[in-house]
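In order, the protein sequences belong to chains A and B. Just so you know, we're using my numbering here: the first sequence kicks off at 1 and counts up by one. Just so you know, we're using my numbering here: the second sequence kicks off at 341 and counts up by one. Ideal placement from N, C-alpha and C gives every residue a C-beta, glycine not left out. Quick notes on the structure that follows.
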Amino acid sequence: MSILTVKAIEAPVGFDLQMPASAVIDGQALTAYRSEWPSRKNILINGGFDVWQRGTSGGTVNTYLADRWESGGGGALSQDRQVATSGDDFNYSLRVQRPSTETHGWSVIGTTLEELDSLPLRGKTLTFSCLIKVGANYSPTSSQLGMGIGSSTIANRSWRYLGNVTEQKTVTTSWVRYSVTVTIPTDSKQVGCGFVCSPTGTAGADDWFEIANAQLEVGSTATDFEHRSYGTELQTCERYYQTYGMGFHAFGITSTTIDSQFAFRTPMRTSPSVTLLDTTPTFSQIGVATRTGTSSSITASSQAADGTGIVRVDGFSSVGTNSVCIGYQTTPIFGFDAEL
Amino acid sequence: MITEAIYGKDPITDENICVNAVIDGVKWSVPLDPDNGHYQAIQEWVAEGNTIEEPS
């Protein structure tokens, strides 16, 4: 046996090299990917639906549930994580369902890339592929689901601003991989992809579609899904959303207010918004007692992409003025959001 | 959909440093950063004729 080292694959003069490039050498099929995407064939973040920092059920319209995937639509919908069954090539899928008896007309789910990740894709041909299956009562005409790649000359906007549908797919109750291919205009500043469902009539008990192993890649053909480690995917998602409940620094300001400060685990895309995920948050006033708020709210905050100055929360009692505190619960108190 | 928007003050300088807003039913404290998605939504809401309130 000999070892063959290939340093480059070049296209004939006058032709573009299509990637991935394939070759057969001594009966062995080989595939080469673009060198500028050596370790990240799948451009999407959380395309495998492994990361669910906001929860695993109860997602509604115009919200995120699975990290980086945003819903929208003309009425009520639910989003839930589904656990794969034996033999599936993934851990989880995302189900988008029109609730029973609902009569609204459309729902969407999609994900977008920020400007820094979108600009290198200008002028390139991209293929978006995904496993899809639907419920027994899936209602759209001819069992169709719109699937597409969108782009915009305006950067860093919600998916809901560029939810282009490029093709209608006829989907079934079994997992099938579908794909669409689009060339991104050279003046684009943002790229995204997703799905648009157009239900009909009144929803039955299983009027839903499910997606898994979503992938956006450079090239004109869909290739095998690229699995990434959970740790890698979580850290990447934290650029857009992260939560804190335990161990962060805080200070008692008055008997009723506590200021919290954070140096983010992962620097965020931009200055994030912050929400209080628990209106009865528990802090520990170090060496004294735990302090749990009642109907607490954030009264002021100042934050940058890499941390906060103030997140002031009220609703406490008996907190020591100028006392040292820490966040003291295993469930999240704060959610920081730097989504598009 | 934005149903409430009130400025939040820096407790030391008394300057507006955020907007405490209810967006799609969730309370957010939003930085005054044009790259922040919630702040963009608030600016569109203001452009439609709405006003961010000063805190009482």
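Does the stretch 128–135 of chain A come close enough to the stretch 104–116 of chain A that 3 or more CB-CB pairs lie under 8 Å? no
Would you say A/Gln303 reaches chain B, if we count a Cβ-Cβ gap shorter than 7 Å as a contact? Your numbering for residue 303 of chain A matches position 303 in the first sequence. So, interface residue.
Proximal chain B residues relative to A/Ala263, where beta-carbon distance stays under 7 Å: One-based indexing of the first sequence puts residue 263 of chain A at position 263. Under the 7 Å cutoff, chain B gives no residues; its nearest Cβ is about 16 Å from A/Ala263.
Of all the CB atoms in chain A, is at least one closer than 7 Å to the CB of B/Ser396? On the second sequence, residue 396 of chain B is found 56 positions in, with the first residue counted as 1. Not one chain A Cβ lies under 7 Å of B/Ser396.
Between which two residues does the beta strand (DSSP E) harbouring A/Ser179 extend? Locating residue 179 of chain A in the first sequence gives position 179, where the first residue counts as 1. A/Ser179 -> beta strand (DSSP E) spans Val176 to Thr183.
Check whether the Cβ of A/Val288 lies closer than 7 Å to any Cβ atom in chain B. For this step, residue 288 of chain A is matched to residue 288 along the first sequence. No, no contact with chain B.
What are the residues that DSSP puts in a beta bridge with A/Phe209? Within the first sequence, the letter at position 209 stands for residue 209 of chain A. Bridge partners of A/Phe209: A/Val96 and A/Val134.
Among A/Asp50, A/Val61 and A/Ser296, which has the Cα closest to the Cα of A/Arg81? Counting from 1 along the first sequence, the entry for residue 81 of chain A is found at position 81. Closest option to A/Arg81, Cα to Cα, is A/Asp50.
So, using beta-carbon positions, are B/Ile357 and A/Ser302 closer together than 7 Å? One-based indexing of the second sequence puts residue 357 of chain B at position 17. One-based indexing of the first sequence puts residue 302 of chain A at position 302. In contact: B/Ile357 and A/Ser302 (Cβ atoms closer than 7 Å).
Below 7 Å between beta carbons: does that hold for B/Tyr347 and B/Ile392? In the second sequence, counting from the first residue as 1, residue 347 of chain B sits at position 7. In the second sequence, counting from the first residue as 1, residue 392 of chain B sits at position 52. Yes, Cβ-Cβ distance for B/Tyr347 and B/Ile392 is below 7 Å.
With C-beta atoms as the reference, is A/Ser71 less than 7 Å away from A/Pro140? As a working note, residue 71 of chain A is residue 71 in the first sequence. As a working note, residue 140 of chain A is residue 140 in the first sequence. Not a contact, by the Cβ cut-off of 7 Å.
Determine which residues share a DSSP beta bridge with A/His104 and list them. Position 104 of the first sequence, counting from 1, holds the residue named residue 104 of chain A. For A/His104, which the question treats as bridged, DSSP gives no partner whatsoever.
Cutoff 7 Å: B/Trp385 Cβ touching any chain A Cβ: As a working mapping, residue 385 of chain B is identified with position 45 in the second sequence. Closer than 7 Å: no.
Sequence-distant residues of the same chain with beta carbon closer than 8 Å to A/Val274, five excluded per side: Reading the first sequence from its first residue, position 274 is the one you call residue 274 of chain A. Result list for A/Val274: Ile298, Ser301, Gln303, Thr308, Val311, Phe334, Gly335, Phe336 and Asp337, in chain order.
Chain-order list of residues whose beta-carbon lies under 6 Å from that of A/Gln215 (same chain, five-residue window excluded): Within the first sequence, residue 215 of chain A is the residue found at index 215, counting from 1. Result list for A/Gln215: Asn42, Gly47, Ser129 and Phe225, in chain order.
Sub-7 Å separation of A/Ser143 and A/Thr170 beta-carbons: Counting from 1 along the first sequence, the entry for residue 143 of chain A is found at position 143. Counting from 1 along the first sequence, the entry for residue 170 of chain A is found at position 170. Yes, the Cβ-Cβ distance between A/Ser143 and A/Thr170 is below 7 Å.
Enclosing beta strand (DSSP E) for A/Asp80 [first to last residue]: Position 80 of the first sequence holds residue 80 of chain A. Run containing A/Asp80: Ser78 to Val83, per the beta strand (DSSP E) assignment.
Which chain B residues sit within Cβ distance under 9 Å of A/Ile298? Taking the first residue of the first sequence as position 1, residue 298 of chain A is located at position 298. What A/Ile298 touches in chain B: Gly348, Cys358, Asn360, Lys367, Trp368 and Ser369.
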